[in-house]
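Here the protein sequences line up with chains A and B, keeping their order.
Heads up: the first sequence at position 53 corresponds to 34 in our numbering, and the numbers run straight through without jumps.
Whatever position you read off the second sequence (first residue = 1), add 22 for our numbering.
Each residue gets a CB set at the ideal place from its N, CA and C atoms; glycine is no exception.
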Amino acid sequence: MSPSDTRPPTLIPTNGLVFLGVLAAVAVLVPLLNLATSPDAAVHVPTYVVSLLGKYLTYALLALSVDLIWGYVGILSLGQGAFFALGGYAMGMYLMRQIGTRGVYGDPMLPDFMVFLNWKELPWFWYGFDLFPFALVMVLLAPGLLALVFGWFAFRSRVTGVYLSIITQAMTFALLLAFFRNDMGFGGNNGLTDFKDILGFNIQSDGTRAVLFFLSALALGLGYVLCRFLVRSHFGKVLIAIRDAETRVRFTGYRAENYKLVAFVVSAMLAGIAGALYVPQVGIINPSEFSPANSIEIIVWVAVGGRGTLVGAALGAVLVNYAKTYFTSGFLAPYWLFMLGGLFVAVTLFLPKGIVGTFYDWREKRRPSPDALGEPLPEPKPAE
Amino acid sequence: MISSARLRRLSCALLLALYGLCGALFSQPALAQDISAPLAQLATDNYADTEAALGALALSGSPAAAGIVAALADGKLVFSAAPRQVFLRTETGLVDPLTLQPVADPPAVKPVRVNNRVRRAIEAANGTLSLVSPDPAKRLEAATAVARSRDTAALPALDLALSKEADPKVKTALTLARASIVMGQPGVSDAERIAAIGLVGAEGNQDALAILQGVPADSSPAVKQAAADAIAGIERSLAMWSMAQNVWYGLSLGSVLLLAAIGLAITFGVMGVINMAHGEMVMLGAYTTFVVQDAIRTYNPGLFDWSLIIAIPLAFLFTGLIGVIIERTVIRFLYGRALETLLATWGISLILQQAIRTIFGPTNREVGAPSWMSGSFDIGQLAITSGRLWIIVFAILVFVALLATLRMTRIGLEMRAVTQNRRMAASMGIRTNWVDAMTFGLGSGIAGIAGVALSQIDNVSPNLGQSYIIDSFLVVVFGGVGNLWGTLVGAMSLGIANKLLEPYAGAVLGKIALLVIVILFIQKRPRGLFALKGRSIEA
């Protein structure tokens, strides 16, 4: 966008409309084709595919949360998986409490793993997770608080660039180690699993799966609108300015660290929601979600789709994960890591703007009026 | 109850101990070793005499004594009636017990009889004899056994052994054993007990602690007080030693971190390239070691002890070459875009891991240790394994070599010039592209060398590098980017802090605490311990 262009960009640009339209269609069609058609019909969508697609959608939301801070504020968080996992654990704890006496040990008070570890009473931090609203609050609060505390320290002391990336990685690594411990009270190595129902509905049933899928699509759509709203506001302009020249923004009189902190916390909460939707559809949450490698993988989804485009992040998440499912299930499985690694290298070398960013460029070349195209990423250049 | 035989043995022993003392004073060991009297006693074939003779033999210090006692136990000690004399029966015939020479004109002989009392005496004699056995390890074992049993009867034997002992370690054990017996013995004066406690207390190890804790409950207050003081002293010194041991472990861990991070200090610290594939360079170095050892085992097993020495240059060249290839094909297009470099090198690390997994399989590969790296020794109460020691030495050598390369060689000068001001360096005629490639190759090569060392202490698997990458980055960031000394201090302080935290928090919590500490530290000093000063840091 040129500086002379004073018109506010539309809330939802054309590509966003296309994205939301496709999302809405998928959100309605997939559950419909799963529930309303007979299993023999050609158009029938099996339940496992519904869950798989639902998983992709939560990943897309996660990628969106990364794009908000990486694409628009320049914060490359290598610990976004931690927020995702925390949201997932909050939901997992609610689901564990719903098992009740149906566990292997049938203990009315304690989840199976606590009985197994010979615990006598429920640890204090499990209180309240019987209640769904409480769990929902925790889904937002747990990642949000961590992001608030971590970001407050980091941004206030102006830890930027690769330093920030490395300490976010250290953060998720520390959490990984912590959640692996049995003493932590989160199921240790095995994590939380064997869920029975959610809000009284059987978590395995087709209907529940369809609703969860729909909710994932809804969350992704709303998340997209929220991010668009943020980045096109005055607040978002400051964020973009921070991305491009943080020191200059600070000299202009803005408290850059506060802007970054808000964006970071919002992004962490979005990741938490994605995690909370992920867990009931996948049926398990364990500490490996905290592994630094996972968090780096999220970055590549965004990079493939196009950093700083929002739509691209969601698209990248779905594409890369579809490829992952496709390649890791067949005879190509041993080559998946070659593919993924090659993807990292190829995208950074040949598609630095990702699929969507490159598409913008191509369109712009053909049609010189860049109306309503969102903001393509400016040419990379050294900060300051 | 002390039997008369035992009393006799005691008095005999005291006498002999005196002899021993005289012998030591006047260098007349022959006196102490004269065993003609006990031999004569044995020849009487009377149980009581045999028992007494055994006691005397055990304390005699004669080299023949052990053989005679063993022969008695085996029923091979015989005696002739006419001249009362004993012989040893061997496969070739009778021999003289002292000289072991065959007897020219063998008389009619009968075995010396043995009953249960005598058998017990044989056992006791064997115990005593092992206290003066020529093998120091056996003596040490016997001394420890006596200290534990607190057998008052062993006192004379201990005194004898003490008077002859030359090995300081065994002597310590003997002193301890003697003191532990004296402390518990009835009828010993308080002064003697306190002296014994002082002696034990001066030892200051775990055994001494156990002995002191065994001070009889009915001792006088003064003795108890002395024991309590000594225990407190020992516990203090034990705490010091365990602290020292932890510091040693910390140095060892620190040197591992240093090895893993020092290559990164070049690629990340000097060039500013975030090389996420650094861990995989370490892994490639470890696999190079494996391949070298495999080749040596197949073609020339005699060279095995040299395998690491051979692997070091090969690993350096191989990983350095891979590094140059990576720099030329990928990284050089990404200079100035640190975050993109991070992603691309992460991709490379995945490819390298999978390549190794495809070639060598996903399981751990066995890398052996050469003989000079195994074994251990003690300094005071520090247990030091040679392998760890060598790794520390090696880490320091690599550090010094790297420092020297950067400071004293032409390429080092060019590297520093390019880092500080690329355009100025280029205009002075330095081929910056070439220097970039060489610098990255150097950093990767160092990582490969680290892999050779780490193959000795870690599992050689495709995941080897992953476990070091986060730690390495933390070390470099903690120490301060662009400063090798910072990396050294960072690695050592993180290593030592980790090991000092471990006893209190456990391994995992200690590690978590350390990560949190480093995260907080970076808030305080975002550019690390030894930050570069000046304008360049803002860029």
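Establish whether the CB of residue 326 of chain A and some CB of chain B are separated by less than 8 Å.
Interface residue, yes.
Kindly list the residues whose CB is nearer than 6 Å to the CB of residue 387 of chain B, restricted to its own chain and excluding five residues on each side of it in sequence; keep chain order.
The beta carbon of residue 387 of chain B sits closer than 6 Å to the beta carbons of 312 and 482 from its chain, once the five residues preceding and following it are set aside; these are given in chain order.
Starting from residue 62 of chain B, trace the alpha helix (DSSP H) both ways and give me its first and last residue.
Residues 58 to 65.
Check for me: the alpha helix (DSSP H) holding residue 47 of chain A runs from which residue to which?
Run containing residue 47 of chain A: 28 to 53, per the alpha helix (DSSP H) assignment.
Any beta carbon from chain B within less than 8 Å of residue 66 of chain A's own beta carbon?
Answer no: the Cβ-Cβ gap between residue 66 of chain A and chain B never drops below 8 Å.
Does DSSP put residue 239 of chain A in a helix, in a strand, or in coil?
Looking at residue 239 of chain A - three-state DSSP - the assignment turns out to be helix.
Inter-residue Cα distance where the pair is residue 115 of chain A and residue 166 of chain A:
For residue 115 of chain A and residue 166 of chain A, the distance between alpha carbons rounds to 19 Å.
Under 7 Å between beta-carbons, which chain A residues line up against residue 368 of chain B? List them in chain order, please.
The answer, in chain order, is 277 and 325.
Which bits of chain A does residue 380 of chain B rub up against, with CB to CB less than 8 Å?
Near residue 380 of chain B (Cβ distances below 8 Å), the residues of chain A are 315.
Taking residue 280 of chain A as the reference, which of A:15, A:44 and A:109 has the closest Cα?
If we check each option's Cα against that of residue 280 of chain A, A:44 comes out closest.
Find out if the Cβ-Cβ distance for the pair residue 516 of chain B, residue 281 of chain B is shorter than 8 Å.
Taking 8 Å as the cut-off, the Cβ atoms of residue 516 of chain B and residue 281 of chain B do not count as close.
Is the beta carbon of residue 144 of chain A closer than 8 Å to that of residue 548 of chain B?
Yes, the Cβ-Cβ distance between residue 548 of chain B and residue 144 of chain A is below 8 Å.
Which partner residues does residue 3 of chain B have in the DSSP bridge list?
In the structure as shown, chain B starts at 23 and stops at 561, and residue 3 of chain B therefore has no counterpart that could be examined.
Smallest Cα separation from residue 305 of chain A: which of A:290, A:291, A:289 and A:322?
If you compare the alpha carbons of A:290, A:291, A:289 and A:322 with that of residue 305 of chain A, the shortest gap goes to A:322.
Could you pull the DSSP bridge partners for residue 101 of chain B from this structure?
DSSP, once it has assigned bridges, lists B:108 and B:132 as partnering residue 101 of chain B.
Cβ of residue 154 of chain A less than 8 Å from any chain B Cβ?
It does: the Cβ of residue 154 of chain A has a partner Cβ on chain B nearer than 8 Å.
Candidates B:374, B:360 and B:341: closest to residue 316 of chain A by CA position:
Comparing Cα-Cα distances from residue 316 of chain A to each of B:374, B:360 and B:341, the minimum goes to B:374.
Would you kindly work out how many angstroms separate the C-alpha atoms of residue 284 of chain B and residue 99 of chain A, rounded to a whole number?
C-alpha separation (whole angstroms): 46 Å.
Output the distance between the C-alpha atoms of residue 61 of chain A and residue 267 of chain A, rounded to the nearest integer angstrom.
When the Cα atoms are used, residue 61 of chain A and residue 267 of chain A turn out to be separated by approximately 16 Å.
Under 8 Å between the Cβ atoms of residue 76 of chain B and residue 143 of chain B?
Cβ atoms of residue 76 of chain B and residue 143 of chain B: closer than 8 Å.
Using three-state DSSP, classify residue 398 of chain B as helix, strand or coil.
For residue 398 of chain B, the secondary structure class from DSSP, reduced to helix, strand or coil, is strand.
Amino acids of chain E, ordered along the chain, whose beta-carbon sits closer than 9 Å to that of residue 296 of chain B:
Given the protein chain composition of this structure (A and B), no chain E is represented.
Residue 273 of chain A, buried or exposed, once every other Cβ within 10 Å from all chains shown has been counted against 16:
The residue in question, residue 273 of chain A, is buried, as its Cβ has 16 or more Cβ neighbours within 10 Å.
Got a sec, what are the start and stop residues for the beta strand (DSSP E) residue 406 of chain B sits in?
The continuous beta strand (DSSP E) containing residue 406 of chain B extends over residues 404 to 407.
Report yes or no: do three or more beta-carbon pairs, one from the stretch 503 to 511 of chain B and one from the stretch 354 to 371 of chain B, lie closer than 8 Å?
No, because fewer than three Cβ pairs between the stretch 503 to 511 of chain B and the stretch 354 to 371 of chain B fall closer than 8 Å, the two stretches do not touch.
Return helix, strand or coil for residue -10 of chain A, following the three-state DSSP convention.
The three-state secondary structure of residue -10 of chain A, taken from DSSP, is coil.
Listed in chain order, which residues of the stretch 153 to 172 of chain B have Cβ atoms closer than 9 Å to some Cβ of chain A?
Along the stretch 153 to 172 of chain B, there is no position whose C-beta sits under 9 Å from a C-beta of chain A.
Do we get a CB-CB distance below 8 Å when we pair residue 61 of chain A with the residues of chain B?
Contact with chain B is absent for residue 61 of chain A, since none of that chain's Cβ atoms lies less than 8 Å from the residue's Cβ.
Going by alpha carbons, who is nearest to residue 337 of chain A out of A:292, A:326, A:179 and A:312?
Measuring from the Cα of residue 337 of chain A, the nearest candidate turns out to be A:292.
Delimiting residues of the alpha helix (DSSP H) encompassing residue 228 of chain B:
First-last of the alpha helix (DSSP H) with residue 228 of chain B: 228 to 235.
Check whether the Cβ of residue 282 of chain B lies closer than 8 Å to any Cβ atom in chain A.
No - not a single Cβ of chain A is within 8 Å of the one on residue 282 of chain B.
Measuring alpha carbon to alpha carbon, tell me which of A:136, A:22, A:269 and A:159 ends up nearest residue 56 of chain A.
Of the listed residues, the one whose Cα sits closest to residue 56 of chain A is A:136.
Within the 8 Å Cβ cut-off, does residue 552 of chain B reach chain A?
It does not; no Cβ of chain A falls within 8 Å.
Determine the contact status of residue 113 of chain A and residue 75 of chain A, defining contact as a CB-CB distance below 8 Å.
Contact flag set, yes.
Just to confirm the assignment, what range does the alpha helix (DSSP H) spanning residue 162 of chain A have?
That residue, residue 162 of chain A, is in no alpha helix (DSSP H); it is neither H nor E in DSSP.
Chain B residues whose Cβ lies nearer than 9 Å to that of residue 322 of chain A:
Going along chain B in sequence order, the residues near residue 322 of chain A (Cβ under 9 Å) are 368, 369, 370, 371, 372, 373, 374, 375 and 376.
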